[in-house]
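Numbering (mature numbering (1 follows the signal peptide of the UniProt record, and there is no 0)), first residue to last: -20 to -1, 1 to 501.
C-beta atoms are modelled at their ideal positions from N, C-alpha and C, and glycine is treated no differently.
One structure is given here, and the rest of the page talks about it.
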Amino acid sequence: MRKYLLLGVSLLGQLPVAWSQPATPRQLFPGLFEAVQLGRVFADNKTFVDAVPLQPPATILAAWHQQKQQPGFQLAQFVRTNFQLPADNGVVYHSNVAKGIQAHLDTLWTVLQRPATGSIANYSSLLPLPKPYIVPGGRFREVYYWDSYFTMLGLREAHQMALVRSMLDNFAYQIDQYGFIPNGNRTYYLTRSQPPFFSLMVELLAKEQGDTVLLRYQPQLLKEYAYWMAGADSLVRGQAKRRVVRLPGGEVLNRYWDSSQEPREESYAEDVAAAKAANRPAAGFYQDIRAAAASGWDFSTRWFGPASTLSSIQTTSLVAVDLNCLLLALEETIARTYSVQKAPAAAKAWQQRAKQRRQAILRYCWNEKAAWFTDYHWQDKQPATVRTLAGVFPLTFGVATKKQTQQVATGLQTDFLRPGGLLTTLSRSGQQWDAPNGWAPLQYMAIQGLHRYQHTALADTVTQRWIRLNVQVFVKNGKLLEKYNVTTTSSLAGGGEYPLQDGFGWTNGVLLSLLRPPVRR
């Protein structure tokens, strides 16, 4: 049987006070885990945490302690004997380029689909899911939270709404099981979530299947909100707790956060090395690293201090503009569920929450000097200075004024637009969520925001350039990739802690969505 730990949580009084959490690889294999990861038995630390033990941990640990003292002991061979390693990432799919990108996309849904995982091997890090789902591809062998919304956009275009519903049911299951949607369905991801796109997934399905969808997922929408707002009631001004921050005016906005202050198990060696070089308390450094992973932007100068290096990372010090726009959408969706339920008083209360958040985003995240929506440094009590593509989220969700939208559109046109689409930031740091890279989800959110405010020409330009780059790389390499170099379109994207991945769920989904006629989009 799997071993479980208890995690005490209190979520605005709406959730149980305790959740069962399966033990992680580091908890199951103390000592051996560190030896494998720090010894670089595998080039990618994620390989070991995804491996499945072939015997109970106690048996494996006893054998390791006994055998490691013997002459000629080889740790790599020991691991291969006692663990079933994940399949080699290799190439996701060898495409026949001559058949075209549409045929490639149609086939990839089958390649990237995984069956329900109700029965999991003992002590595996994989978390069970009751229904089929889509993985991103490459080293990402599990479902990921925010990736999945953009994957669903493509599934809708492929007329696979049953699979969309299956994935949505899986996320609802996770909320019921753990109190939130984890970063991915792995035990080592249970300390954090990702950008909260659950309400957008519900709205996507409701648009196709009617308002009863809103009622079906109302309980999970409320639990999702409780997770993000846990601790808000006890906050005083200028204080943060978990994912909530009480601002100078008394408003509550949110930040990305992770409950652990240890190195990430899937990037253990990298985090330990980075902490040694950081010259700051390791616990806070690890938590900021993990919080950046919770944002999906791991890593970017968006999260760095004035030194603009990983050592200066300060994710938990920033109220995130994209996160708060997504939580605004969650509040609005919950209000809609009560409207459908014919509960006008409750609907009005949630609309009021959304209104208050909208006003707070405008107050704290609009940087007048930069003419841009930025994150807000709640400890320094001032907007961040780094302009990033997260600044388009207030357009996507209708928060921005017309004047602000014009200023953001001008900045996009002048500073962010490149031959292949929009830059993620204007900084060339070597981090993957910086220049010269562009990412499908951010292109999509920018395009939607521009269309919402009738900046159609710029939206179409971004769309055309992004599609052209995707097709160009596909024709050359027969692949769709995780990220793209939008500046030098003949070069592949770089940066990050792992090689460029192909597959790739959200790229496929966004491309399919953008390929349809604009009038339908």
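Compare the Cα-Cα distances from residue i to each of the options and report the closest residue.
i    : options                : result
R343 : R172, P37, L307, G229  : G229
K459 : T87, Q35, A31          : T87
R166 : Y207, L107, E204       : L107
P95  : A78, Y113, Q82         : Y113
D30  : A263, C345, F13, Q339  : F13
V455 : V77, A56, A326         : V77
A101 : Q50, L92, P37, S128    : P37
L306 : Q7, E250, V372, N347   : V372
R338 : Q359, A272, T376       : T376
S287 : V320, Q359, L55, T365  : Here the sequence assigns Ala to residue 287, which means Ser is not the residue at that position. Comparing Cα-Cα distances from A287 to each of V320, Q359, L55, T365, the minimum goes to T365.
K111 : N304, F120, F151       : F151
W486 : R136, R172, Y433, D440 : R136
Have a look at residue i and residue j and give me their C-alpha separation to the nearest angstrom.
i           : j    : result
residue 502 : H45  : There is simply no residue 502 to check, as the chain begins at -20 and stops at 501 in what is shown.
L406        : S275 : 19 angstroms
M132        : K382 : 30 angstroms
L65         : F28  : 7 angstroms
P324        : L148 : 27 angstroms
I427        : G400 : 14 angstroms
L402        : W446 : 8 angstroms
T394        : T296 : 30 angstroms
T39         : Y158 : 29 angstroms
Q423        : N465 : 13 angstroms
Y248        : V16  : 10 angstroms
A138        : I81  : 13 angstroms
D213        : L185 : 33 angstroms
A67         : S104 : 14 angstroms
S280        : S292 : 11 angstroms
T336        : L308 : The sequence shown places Gln at residue 336, rather than the Thr named in the question. Rounded to the nearest angstrom, the two C-alpha atoms are 9 angstroms apart.
D482        : A437 : 31 angstroms
L290        : A257 : 9 angstroms
L201        : Q331 : 15 angstroms
V388        : V232 : 25 angstroms
W237        : Q140 : 34 angstroms
A262        : G190 : 49 angstroms
I155        : I161 : 5 angstroms
residue 560 : P51  : Since the first residue shown for the chain is -20 and the last is 501, residue 560 is missing from the structure and cannot be characterised.
S409        : K328 : 45 angstroms
Helix, strand or coil for residue i, going by three-state DSSP, please let me know.
i      : result
G458   : coil
G391   : helix
P95    : coil
I114   : strand
K221   : strand
F120   : strand
P2     : strand
T192   : helix
P175   : coil
R501   : Here R501 scores only 47 on pLDDT, less than 50, and its place in the model is too uncertain to base an answer on.
D238   : coil
M(-20) : Per-residue confidence for M(-20) stands at a pLDDT of 37, beneath the threshold of 50, marking its modelled position as unreliable; the derived number appears in the next sentence. Coil at M(-20), not helix or strand.
R136   : helix
V77    : helix
Q384   : helix
N150   : helix
L106   : strand
P464   : The question names Pro, but residue 464 is Tyr in the sequence shown. It is a strand residue.
T365   : coil
G164   : strand
Q7     : helix
R496   : coil
V232   : strand
Taking all protein chains shown into account, decide if residue i is buried (16 or more other Cβ within 10 angstroms of its Cβ) or exposed.
i    : result
E188 : exposed
A415 : buried
L380 : One detail in the question is off: residue 380 reads as Ala in this sequence, not Leu. Looking at its Cβ environment, which holds 16 or more other Cβ atoms inside 10 Å, A380 is buried.
P5   : buried
P175 : buried
N488 : buried
R20  : exposed
G164 : buried
N450 : buried
T469 : buried
K361 : exposed
P116 : buried
G118 : buried
F53  : exposed
T313 : buried
Of all Cβ atoms in chain C, is any one closer than 8 angstroms to the Cβ of residue i?
i   : result
F22 : Here there is only one protein chain, and chain C is not present.
Please determine whether the Cβ atom of residue i lies at a distance below 7 angstroms from any heavy atom of the ligand MN.
i    : result
R496 : The model on display carries no ligand, and the ligand MN is accordingly not part of it.
In chain order, which continuous runs of the alpha helix (DSSP H) of length 4 or greater are located wholly inside the stretch 275 to 358? 301 to 320, 324 to 345
Whole runs of the alpha helix (DSSP H) within the stretch 394 to 444, excluding any shorter than 4 residues: 420 to 432
Sequence ranges, alpha helix (DSSP H) only - wholly within the stretch 18 to 62, length at least 4: 26 to 30, 37 to 47, 55 to 62
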